[in-house]
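A short write-up of the structure that comes next.
Numbering (UniProt numbering), first residue to last: 1 to 237.
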């Protein structure tokens with residue numbers, strides 16, 4: 001196992017890593033970064049170079065995250081008269097910052113080339129698809145993203161969410177709210193500041209309270225009867 005300086009990560013604790021584009025918070029520019037989900041430090045760290053786990057450009061604490069979700073919108077970038085589409089996901093922190101990520105351009109280009117090669121033998125299909133894409137652009141509809149790009153976004157979102165859930169489930173000061181409206185893991189709303197505990201823990205808490213409440217009520221009744229009897233005996237004497 002490789003070891004680095006104090007400003008480095010132990011690669012044995014990386015749960016997921018890879019190239020993503022991260023939008024800067026100040027000038028809103030997309031920059032290519034090597035992203036690492038680290039178990040030991042419970043952080044998402046960003047680096048300028050691949051597999052060089054030192055001098056991270058940013059640390060995002062898992063304990064500060066309020067939610068992680070894929071964005072409904074699709075980012076379109078006009079470059080060399082060709083429109084490139086990117087799926088994105090955002091990481092929102094409880095202290096107000098939002099970090100946006102998306103797959104790097106290479107992933108989009110590779111997916112596009114693979115998609116085009118499948119239809120290379122049939123020019124009629126290619127012509128039809130180009131015509132359909134043009135019609136969708138003119139109508140303002142979102143173009144369909146290649147499965148490779150979309151799946152990459154979902155994989156990152158699910159990896160981060162799963163890690164956060166496991167982190168808090170194993171925590172003694174666990175306090176997390178999962179919205180009942182959620183239908184998939186990508187829609188889970190995570191809030192470390194919520195006073196409402198996880199439904200499973202909530203049920204367990206209610207059960208434990210009910211178990212202790214009944215004996216307490218019986219003890220109170222017994223004490224009340226004893227006080228009445230003692231008071232009556234004192235009055236009689």
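Note that the Cβ used here is the ideal one computed from N, Cα and C, for glycine as well.
>> Do residue 49 and residue 34 have their beta-carbon atoms positioned less than 8 Å apart in this structure?
In response: Contact: yes.
> What are the start and end residues of the beta strand (DSSP E) that includes residue 59?
Replying inline: 58-61
>> Using DSSP's beta-bridge definition, name the partner residues of residue 100.
In response: 90
> CB-CB under 7 Å to residue 32, same chain, minus the five flanking residues each way: which ones, in chain order?
Replying inline: 19, 21, 104
> Which one or two residues does DSSP pair with residue 43 in a beta bridge?
Replying inline: 38, 61
> Beta carbon of residue 97, beta carbon of residue 67: below 8 Å?
Replying inline: no
>> Please classify residue 36 as buried or exposed, where buried requires at least 16 other C-beta atoms within 10 Å of its C-beta.
In response: So residue 36 counts as buried.
>> According to DSSP, residue 21 sits in a beta bridge with which residue or residues?
In response: 32, 102
> Any chance the CB of residue 52 is under 7 Å from a heavy atom of the ligand SAH?
Replying inline: The ligand SAH is absent from the structure shown, which contains no ligand whatsoever.
>> Considering Cα atoms alone, identify which of 53, 56, 42 is closest to residue 62.
In response: 42
>> Quick check on this structure: which residue in 232, 235, 23 has the alpha carbon closest to the alpha carbon of residue 90?
In response: 23
> Which same chain residues, not among the five before or five after residue 57, have their C-beta less than 7 Å away from its C-beta?
Replying inline: 33, 46, 47, 48
>> Once DSSP output is grouped into helix, strand and coil, what is the label at residue 48?
In response: coil
> Below 8 Å between beta carbons: does that hold for residue 99 and residue 60?
Replying inline: yes
>> Could you tell me the alpha carbon to alpha carbon distance between residue 65 and residue 94, rounded to whole angstroms?
In response: Near 6 Å, if we compare the C-alpha coordinates of residue 94 and residue 65.
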